[in-house]
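Here's the structure, in structure tokens; my notes come after.
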């Protein structure tokens, strides 16, 4: 039998203590709203995925861009966004949110982070998702938080702390099971605990429960129909708590949930060496100068795969791999300069704000991380010869699919082309690498092309990679006030959705694919829009 919490004075219940929920709470309590935050995880996990994320944001017209002589504005950004999004006529709300993001990312995200939370950005602006077959970011606009997104969580909690036990309260280990609807209005939600069921009621309910890509079965159910089937080797790059159950509950209460087949997965995952849950993976930022090979050691083609241009396309090509995995082959020199892992855990110099060590590793090579992966992950293979490398690759997969002469020929073909000299280079991967090296921030992290088998840059490295889930680009459809839109195309009274569960606005603001860095910032933007409307 349900136990009802009779607290009719609550102005808002926020479901989820991730960065979207915390941001919304900040804006509400500042206006004397009485707020309760419910979260399915323990108090130690406040901040959700933002606590562990890297902390990159796509921002438009910032001082950092201007100091780097980057001309950018909302019109340029929106054109780039629509190119990648490939919106259709039905994407009314997603396109509205995309335009709002481009118009407001400076005022409502950048200035909020810097001025209100007091967080700095690294001075270098990175150029990601440049586009492959369609244009992507025409200019660099990827800004990295100094302190990673963990700093965002810390500063947000510092803002909220004075309000706790006044007009703000948290309840952790409280997983919401359903919404409560009365007279066409959402008036609260239910939580099932070991000793019974609780009901919480408020004037407004704000769903900030994150995406669904921690639920691999749901990912596979909504896998893009025009892709090859989802591989059995798919890894979980989020957390099982991101299960999409509240997407279903909103749908059960008449809300529209759209574009669930739009996801931002990554192409180069490896199993986490120290997993905390089943199929947990690490999402690598794969090296531009590494060769992407199939399970037999042949170069994936006909066009070579290169990081930094179109992540969605890389994922499609990895989904095409019959055995559910591929290889990246490179050398130690390339790895020390280019290899990285997404998230705060493997970027301690940024997370812990150790500037001198960060500069040292950037300039001299991140040998620390390469050695760490060599020691910790069996999927990160180091060898002194092609024969030894192949033996270790086959031992890992237990399939003996890689033959020494095949891998040797693959490497020889690439290396011999490089040895001919700059005037005779004829390879799309090398052309794209040289293009990247023209931008100073990328030049610091991208090797000058050289033969992979060059002994002075060894030993050789092979990384066994597979697809890994990451972000939901689709979700609960919302208007620009973050109100959930019903099947009758009207706002549902009392119900809002923010952050990833809302597809970062409108049930799919990014469309088919993201310009990258639109996730944390999208959480902040949608949260602040909801709070503005509630505070009116």
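Numbering (my numbering), first residue to last: 875 to 1410.
Cβ coordinates follow ideal geometry from the N, Cα and C atoms, glycine included.
Minimum C-alpha distance to residue 994 - residue among 977, 950 and 931: 931
Beta carbon proximity, residue 1408 to chain C, threshold 8 angstroms: Among the chains of the structure shown, chain C does not appear; only one protein chain is present.
The segment 1275-1288 in contact with the segment 1163-1173 per 3-pair CB rule at 8 angstroms: yes
Among 1342, 1195, 1409 and 901, the one whose alpha carbon lies nearest that of residue 1093: 1342
First through last residue of the alpha helix (DSSP H) which encompasses residue 1230: 1229-1238
First through last residue of the alpha helix (DSSP H) which encompasses residue 1251: It is not in any alpha helix (DSSP H) - residue 1251 carries neither H nor E in the DSSP assignment.
Short Cβ contact (8 angstroms threshold) for residue 1053 with residue 1348: no
Inter-stretch contact (C-beta, 8 angstroms, three-pair minimum) for the segment 1355-1373 and the segment 1395-1402: yes
Own chain partners of residue 1406 with C-beta closer than 6 angstroms, once the 5 adjacent residues on each side are dropped: none
Contact set for residue 1028: own chain, Cβ-Cβ below 6 angstroms, skip 5 residues either direction: none
Alpha-carbon to alpha-carbon, residue 1095 and residue 895: 27 angstroms
Any alpha helix (DSSP H) of 4 or more consecutive residues that is wholly inside the segment 1258-1334: 1260-1271, 1278-1293, 1302-1310 and 1314-1317
Beta-ladder partner(s) of residue 1201, from DSSP: 1167 and 1338
Meets three-Cβ-pair contact criterion under 8 angstroms: the segment 1119-1126 and the segment 1036-1054: yes
Cα-Cα separation, residue 1365 to residue 1059: 10 angstroms
Contact between the segment 1190-1197 and the segment 1218-1232 (3+ Cβ pairs under 8 angstroms): no
Contact set for residue 1371: own chain, Cβ-Cβ below 6 angstroms, skip 5 residues either direction: 1081, 1350, 1352 and 1358
Alpha helix (DSSP H) runs wholly inside the segment 1046-1097, at least 4 long, in chain order: 1090-1095
Whole-angstrom distance between residue 1328 and residue 1223, CA atom to CA atom: 30 angstroms
C-alpha distance - residue 914 paired with residue 1037, whole-angstrom precision: 21 angstroms
Nearest-angstrom beta carbon gap, residue 1201 and residue 1293 [assumed within contact, 8 angstroms]: So it is not a contact: roughly 23 angstroms between Cβ atoms.
Secondary structure of residue 887, DSSP reduced to three states: strand
Cβ neighbours of residue 1062 in the same chain (closer than 7 angstroms, five flanking residues each side left out): 887, 1054, 1073, 1074, 1075, 1076 and 1079
Opposing strand residues paired with residue 967 [DSSP bridges]: Its beta-bridge partners do not exist; DSSP assigns none.
Coil, strand or helix - residue 912 by DSSP: strand
Reference residue 1083; option with closest CA among 1213, 924 and 1110: 924
Selection from 1258, 1180, 992 and 1097 that minimises the alpha carbon distance to residue 1163: 1180
Residue 1393, DSSP secondary structure in three states: coil
Close-in-space but distant-in-sequence residues of the same chain around residue 1218 (CB under 6 angstroms, 5 per side omitted): 926, 1022, 1024 and 1225
8 angstroms Cβ cutoff met for residue 906 and residue 1011: no
Which of helix, strand or coil DSSP assigns to residue 1121: helix
Beta strand (DSSP E) runs wholly inside the segment 919-977, at least 3 long, in chain order: 930-932
Beta-carbon proximity check, residue 1386 vs residue 1002, cutoff 8 angstroms: no
Buried/exposed call for residue 1220, threshold 16 Cβ in 10 Å: buried
Candidates 1129, 1130, 1111 and 1118: closest to residue 1139 by CA position: 1111
Straight-line gap, residue 904 to residue 890 (C-alpha atoms, nearest Å): 19 angstroms
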